[in-house]
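*Asks:* Just so you know, the sequence shown maps onto residues 78 to 445 in my numbering. Don't be surprised by glycine CBs; every beta carbon is placed ideally from N, CA and C.
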Amino acid sequence: MITLHQPKRLEIGAGASGRVGAWAEDAQRIFVLATPHTSGFVDRLGLKGQVSVFDAIPGEPDIPTFEAALAAAREARPDLVVGLGGGSVLDVAKLVAALWDGEQTLRDVAGPNRVAGRRTRLAQVATTAGTGSEAGIRSLITDPGVGAKIAVESPHLIADIAVLDPELTYSVPSAVTAATGIDAMAHCVEAFTNLNAHPVIDGFARMGIDLVGRYLARAVADGSDTEAREGMMLASFYGGICLGPVNTAAGHALAYPLGTLLHLPHGLANAIIFPHVLAYNQPVAAEKTAEVVRALGLVEQTRDGDLLKAAHGFCARLGVEMSLGAHGATQDQLSRFAHDAHGIRRLMNNNPREMTEGDVLAIYKAAF
């Protein structure tokens with residue numbers, strides 16, 4: 078049994094961001110969350126009310142960032158919150174919209190179904206194709222004190238409108254396009270091969286994986302390829318839908334310590350880990366893994382049975398630096414990474430193949 082939540086309205090296509098203003102016509106006080114780069118897109122939204130912008134959101138938002146955004150929202154007293162950015166911005170926007178005008182704290186709502194409600198409308202305008210956060214009911218905030226992520230899950234975090242405008246992704250660098258695109262694929266693949274996999278979610282996952290196979294290399298090669306950019310935004314959105322009822326598994330569990338401790342961007346961390354977990358799970362998810370291989374065009378590369386090599390090559394050909402060592406990791410950090418990843422049971426328990434802490438460490442060593 079699953080429950081499927083989706084945004085009430087979805088706008089897709091080049092220039093779609095310009096439709097937000099008409100949708101939000103009666104909004105008088107609008108609070109936009111962004112990064113210094115994505116704040117440059119505010120004018121494209123066509124907003125008519127009094128607009129306040131908070132653009133101090135880093136790649137991996139932490140508790141101080143969230144608290145600063147919340148304080149700014151309380152000053153603005155918005156009747157509409159707009160997330161304008163990648164997954165980090167969209168995650169903060171969800172929580173700000175739900176919590177700015179109430180008594181609950183981040184600690185109060187950590188975990189599933191603890192958000193009391195939301196009175197403020199929420200628009201989510203994606204500027205990357207990776208996390209699919211615009212589609213989902215989860216938000217992740219890093220607790221720097223313990224080096225781990227706080228996960229909040231609630232249907233009250235779902236957007237009233239989600240916007241996928243490929244024009245907003247033209248300026249995303251090719252390396253970021255590659256890493257975030259692999260992250261979008263990982264969401265789909267990890268839900269598809271999950272112990273809690275469901276036929277409805279399998280459908281979204283298949284569509285997302287197919288779109289990645291068709292469009293990711295094109296989007297990396299030519300950032301202004303509108304068809305490819307739109308295809309990747311849709312793949313990301315489908316991945317976000319997969320996260321709600323099914324969620325990810327070991328791949329994301331192994332990626333999280335690379336974000337919280339090594340400070341790698343989320344998409345890059347998942348790209349590095351993806352081939353290793355795909356190959357690890359193959360023995361218990363052979364048929365679905367074969368579907369992934371076909372969708373990504375890797376049938377010939379896997380003739381010799383070396384899926385890890387083929388999937389690693391897929392990511393490397395997109396320009397992703399796949400070595401943890403090249404990103405500043407040291408051998409003596411790997412045991413801590415393994416301990417932390419193995420402890421993320423909300424994801425590890427979804428994995429189709431049991432993974433010991435030693436198995437986790439072996440993957441980190443292979444990725445080093």
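1) Sort Asn427, Arg295, Trp100 and Ala212 by Cα distance to Thr254 and report the nearest one.
2) Could you tell me the alpha carbon to alpha carbon distance between Asp132 and Ala203, rounded to whole angstroms?
3) Apply the 10 Å Cβ neighbour rule to Glu230 and answer buried if 16 or more other Cβ atoms are within range, or exposed otherwise.
4) The beta strand (DSSP E) spanning Asp220 covers which residue range?
5) Specify, as a first and last residue, the run of the beta strand (DSSP E) that Ile89 falls within.
6) Determine the closest residue to Cys392 out of Ala239, Ala406, Met262 and Val361, with distance taken between C-alpha atoms.
7) Roughly how many angstroms separate the alpha carbons of Ile79 and Val277, rounded to a whole number?
8) Let me know the secondary structure DSSP gives Pro189 once reduced to three states.
9) Thinking just about the alpha-carbon of each residue, which of Leu331, Val249, Val240 and Ala187 is nearest to the one in Asp220?
10) Taking 8 Å as the cut-off, does the segment 195-214 touch the segment 226-240 (at least 3 CB pairs, one atom from each stretch)?
11) Please work out which residues of its chain come closer than 6 Å, Cβ to Cβ, to His82, disregarding the five sequence neighbours upstream and downstream, and give them in chain order.
12) Alpha carbon to alpha carbon, how far is Glu244 from Gly123?
13) Do the CB positions of Tyr292 and Met310 come within less than 7 Å of each other?
14) Once you ignore the five residues that flank Gly316 on each side, which residues in its own chain have a CB closer than 6 Å to its CB?
15) How would you call Lys365, buried or exposed, if buried means at least 16 neighbouring beta carbons within 10 angstroms?
16) For Pro342, I'd like the list of residues in its chain whose CB is within less than 6 Å of its CB, leaving aside the five on either flank, ordered along the chain.
17) Across which residues does DSSP place Gln410 in a beta bridge pair?
18) Quick one: complete beta strand (DSSP E) runs, 3+ long, within the segment 153-179?
19) Might you give, ordered along the chain, the residues of its own chain that have their beta carbon closer than 8 Å to the beta carbon of Leu440, omitting 5 neighbours on each side?
20) Which word fits Gln127, buried or exposed, when buried means at least 16 other C-beta atoms lie within 10 angstroms of its C-beta?
21) Three-state secondary structure (DSSP) at Gln201?
22) Near Trp40, what residues of its chain come up, given a Cβ to Cβ distance below 6 Å and the 5 sequence neighbours on each side ignored?
23) Report the residue ranges of all alpha helix (DSSP H) runs contained in full by the segment 289-354; include only those spanning at least 4 residues, in chain order.
24) Smallest Cα separation from Ile87: which of Glu211, Gln410, Arg154 and Leu157?
25) When the Cα of Asn324 is compared with those of Ile134, Arg422 and Asp417, which residue comes out closest?
26) Measure from the alpha carbon of Leu241 to the alpha carbon of each residue in Gly164, Gly290, Ile259 and Gly224, then state which is nearest.
*Replies:* Let me spell this out:
1) That would be Arg295, whose Cα lies nearest to the Cα of Thr254.
2) 15 Å
3) buried
4) Arg215 to Asp220
5) Arg86 to Ile89
6) Met262
7) 9 Å
8) strand
9) Ala187
10) Cβ pair count under 8 Å is three or more, so yes.
11) Ile214, Pro232, Ile235 and Gly321
12) 15 Å
13) no
14) Gly209, Ala261, His264, Cys265 and Gly285
15) buried
16) The residues are Gly136.
17) Looking at the DSSP assignment, Gln410 forms no beta bridge with any residue, so it has no partner.
18) 157-162
19) Note on residue identity: the sequence assigns Ile, not Leu, to residue 440. For Ile440, where only same-chain residues beyond five positions count, the Cβ hits under 8 Å are Leu331, Ile350, His353, Val354 and Tyr357.
20) exposed
21) Of the three classes helix, strand and coil, the one that applies to Gln201 here is strand, per DSSP.
22) Residue numbering for the chain in the displayed model covers 78 to 445; residue 40 lies beyond these limits and cannot be assessed.
23) 303-320 and 327-337
24) It should be pointed out that residue 87 corresponds to Leu in this sequence rather than to Ile. Ranking the options by Cα distance to Leu87, first place goes to Glu211.
25) Arg422
26) Minimum Cα distance to Leu241 is reached at Gly164.
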